[in-house]
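With the working numbering applied, the sequence shown covers 16 to 197.
The beta-carbon is built from N, C-alpha and C at its ideal position, and this holds for glycine as well.
Everything numeric in this text was worked out from a predicted model, so none of it was measured.
See below for the structure under consideration.
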Amino acid sequence: MMTTATQNLENDHMHILRLIGVMERITVSGNPNIEHLETIVKVIREFADGFHHAKEEQLLFPLMVKKGFSNETGPVAVMLHEHVQGRNFVKGMAENISLFKQGERIALSAIYSNILGYADLLKNHISKENNVLFRMADKAFTPAEQELLLLDFNKIELVRSNGLMVDDYLNLIDDLEDFYSN
16 MMTTATQNLE
26 NDHMHILRLI
36 GVMERITVSG
46 NPNIEHLETI
56 VKVIREFADG
66 FHHAKEEQLL
76 FPLMVKKGFS
86 NETGPVAVML
96 HEHVQGRNFV
106 KGMAENISLF
116 KQGERIALSA
126 IYSNILGYAD
136 LLKNHISKEN
146 NVLFRMADKA
156 FTPAEQELLL
166 LDFNKIELVR
176 SNGLMVDDYL
186 NLIDDLEDFY
196 SN
């Protein structure tokens, strides 16, 4: 059986959840590796937001709206709002990493606070998308629409983000996961 567009998004979620696991382990690891924290921000901004949210915001959600879902209220609106919240946590991480690198030791607690806020938000967000929103989409979309959506997703994934492809980001997640597996 062919992969559907919603399965493609769920596959992305698997990798995002792996990254979140690393992020949570970092907050209890004691001495932070700033390069790792910067890599996490990069992966979130370019993979989770750049590739994954682009597929949702540019393709999935508009098709759902075309199928009668509202982007003002209901599940699509909630997901869009949560994407914005997630971006705010990432902005908080990035700003405080910068302060920490300038010697502001106190910024570490703000980095960790943003990491944990992002982690909680995303775990709930992904659960809602996987269990509710994507199931609604599966019911609303024809097999042909799923196929076209998947083709469009693949086009997004073929675009390089700062010279990196999707697999490069997955390798970065693998490396971080290996480093923080103990």
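The C-alpha of Phe66 lies about 8 Å from the C-alpha of Val181.
Contact check between the region 148-163 and the region 16-34: three or more CB pairs, one atom from each, fall below 8 Å, which counts as touching. With respect to the 9 Å criterion, Gly101 and His140 are classified as neighbours on the basis of their beta carbons.
Distance from the Cα of Phe104 is smallest, within the candidate group Leu131, Thr88, Val43 and Gly89, for Leu131.
For Ile35, the enclosing alpha helix (DSSP H) begins and ends at Ala20 to Thr42.
Between Leu191 and His51, the beta carbon gap of about 6 Å places them in contact (Cβ cut-off 8 Å). In its chain, beyond the 5 residues on either side, His98, Gly101, Arg102 and Val105 have a beta carbon closer than 8 Å to the beta carbon of Asp64. Measuring C-alpha to C-alpha distances from Ile31 to each of Glu160, Tyr184, Asp167 and Arg40 identifies Tyr184 as the nearest. Annotated three-state conformation of Tyr184 is helix, per DSSP. C-alpha of Val91 to C-alpha of Ile59: approximately 21 Å in a straight line.
Taking a 10 Å sphere around the C-beta of Glu119, we find fewer than 16 other C-beta atoms and assign the residue as exposed.
Judged by DSSP in its simplified three-state form, Ile112 adopts helix.
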